[in-house]
Structures are given as structure tokens and as C-alpha cells.
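Novice:
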Amino acid sequence: MILNSSASQHKVVQDVWKALDGLTDPEIPVITLREMGIIRDVEFIAEDSVVVVITPTYSGCPAMEQIHDDVRNTLKAMGLQVEVRTQLAPAWTTDWMTDIAKDKLKAYGIAPPNRQCGAPSQQISVVHFLRKPSSTEQAVECPRCGSSHTFESSKFGSTACKALYKCLDCQEPFDYFKPY
248 MILNSSASQH KVVQDVWKAL DGLTDPEIPV ITLREMGIIR DVEFIAEDSV VVVITPTYSG
308 CPAMEQIHDD VRNTLKAMGL QVEVRTQLAP AWTTDWMTDI AKDKLKAYGI APPNRQCGAP
368 SQQISVVHFL RKPSSTEQAV ECPRCGSSHT FESSKFGSTA CKALYKCLDC QEPFDYFKPY
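Going left to right, the sequence shown walks through residues 248 to 427 as our numbering numbers them.
1) So, under 8 Å CB-CB, residue 392 and residue 422 are touching, yes? Tell me the CB distance rounded to an integer number of Å.
2) For residue 425, is the classification buried or exposed, using 16 other Cβ atoms within 10 angstroms of its Cβ as the cut-off for buried?
3) Give me the residue from 265, 389 and 294 with the minimum Cα distance to residue 254.
4) With residue 335 as the anchor, note down where its alpha helix (DSSP H) starts and where it stops.
5) Excluding the 5 residues preceding and the 5 following residue 355 in the sequence, name in chain order all residues of the same chain whose CB lies nearer than 6 Å to its CB.
6) For residue 405, which residues of its own chain have a beta-carbon under 7 Å away from its beta-carbon, when the five flanking residues on both sides are left out?
7) Let me make sure I understand the geometry here. Which of 407, 387 and 408 has the alpha-carbon closest to that of residue 398?
8) Would you tell me roughly how many angstroms separate the C-alpha atoms of residue 279 and residue 299, rounded to the nearest one?
9) Contact between the region 317-332 and the region 260-267 is defined here as three or more beta-carbon pairs at a separation below 8 Å; is this criterion met?
10) Reducing DSSP to helix, strand and coil, say where residue 256 ends up.
11) Which complete alpha helix (DSSP H) runs does the region 283-367 hold, if anything under 4 residues is left out?
12) Taking residue 336 as the reference, which of 401, 289, 282 and 301 has the closest Cα?
13) If you reduce the DSSP assignment to three classes, tell me which class residue 416 lands in.
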């Protein structure tokens with residue numbers, strides 16, 4: 248049976264997506280690039296050629312070179328010629344992360360981004376010298392014990408897209424994936 252052009256294109260794109268579904272984020276290996284929302288599109292060029300569009304979590308993300316290589320090598324192993332195109336606009340947002348990715352972040356020990364974020368508050372706690380969340384901000388929940396009694400100890404955590412927090416109940420530090 249010979250597939251028509253449209254069915255053939257669909258099959259190639261479907262096979263590419265299936266192959267890309269196995270690629271994980273180099274910095275958070277429990278989450279796939281697709282779950283993170285980094286892989287934006289697959290464009291069919293020809294039977295043996297595709298373009299994969301990716302958007303970094305932020306423009307200076309050091310993992311992008313590794314992501315490029317992983318995408319390129321995975322698809323070359325399928326016998327495809329591939330162009331990996333970085334698209335900066337629209338800018339990546341944590342809204343592109345799937346709920347599965349957020350659940351995996353939490354299980355991995357990284358607090359997922361809150362959906363609602365307000366403007367930073369200047370309110371200071373005299374006892375702990377910590378900024379309290381304003382009424383429009385959601386507290387960052389500790390991924391280890393579930394407490395919302397946490398504070399930001401550094402604007403940057405293990406990577407620039409995360410902040411470092413500490414739980415005042417279990418006393419454990421943890422990364423918080425900053426919402427964008």
C-alpha cells in the first residue's frame with residue numbers, strides 16, 4: 248500500500264514526536280522536553296527532512312546546546328536530516344509546562360511554579376527577617392514536607408530559572424522553579 252503525500256507527512260511527523268518524547272531536560276532528567284514545553288513544533292520538509300522548533304526556558308539557558316544535540320542525534324539515528332531552530336518569541340512561559348511536568352518536579356524535590364504570582368511585597372518579619380508573601384502571592388510549598396512555611400533564601404538556585412528556598416518546618420533547602 249502506498250501512502251498518499253498527506254498521510255506520509257503525518258506519519259513522519261508522528262514518528263518524530265514519538266522519538267522526541269524520550270528526550271529529557273539535561274538539567275532536570277525526570278521531565279521530558281515536551282512536558283517542559285521546550286519543543287514547540289515539528290515541521291515536515293521532505294520524507295527524510297524535518298525542522299524541530301525549540302524555545303529555551305530563558306534566552307541564556309546553558310542547556311540549549313545539549314538540547315540541540317540531543318534532538319539532532321535522536322532524529323539522525325532515524326535517518327532524518329534535521330534542522331533545530333531556536334525560536335525566542337513568544338518567550339517560553341511556565342504555562343507551557345504540563346501538569347505532569349509539575350508533578351514530576353515536586354516528586355524530584357523541586358517546587359513547581361505557582362500559577363498565580365503577585366508583585367513582591369516589602370513586608371518584613373521581625374522574627375525571621377524574611378519577606379512574607381503578599382495577599383496576592385501564593386506561598387511556595389516545600390516539595391519534601393508540603394509546608395507553606397517557606398522563604399526565598401536566594402533569587403537563584405541550582406540554575407538561573409530556579410530560586411533557592413528553605414522550609415522553616417523541615418529545615419530543608421529546595422529549588423523553586425520560578426514562574427515566567
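Just so you know, even glycine gets a beta-carbon here, dropped at the ideal spot from N, CA and C.
Specialist: Inspection of the coordinates gives the following:
1) With 8 Å as the limit, residue 392 and residue 422 do not qualify as a contact, their Cβ atoms being about 15 Å apart.
2) buried
3) 294
4) It is not in any alpha helix (DSSP H) - residue 335 carries neither H nor E in the DSSP assignment.
5) 277
6) 422
7) 387
8) 15 Å
9) yes
10) helix
11) 311-323 and 346-355
12) 301
13) coil
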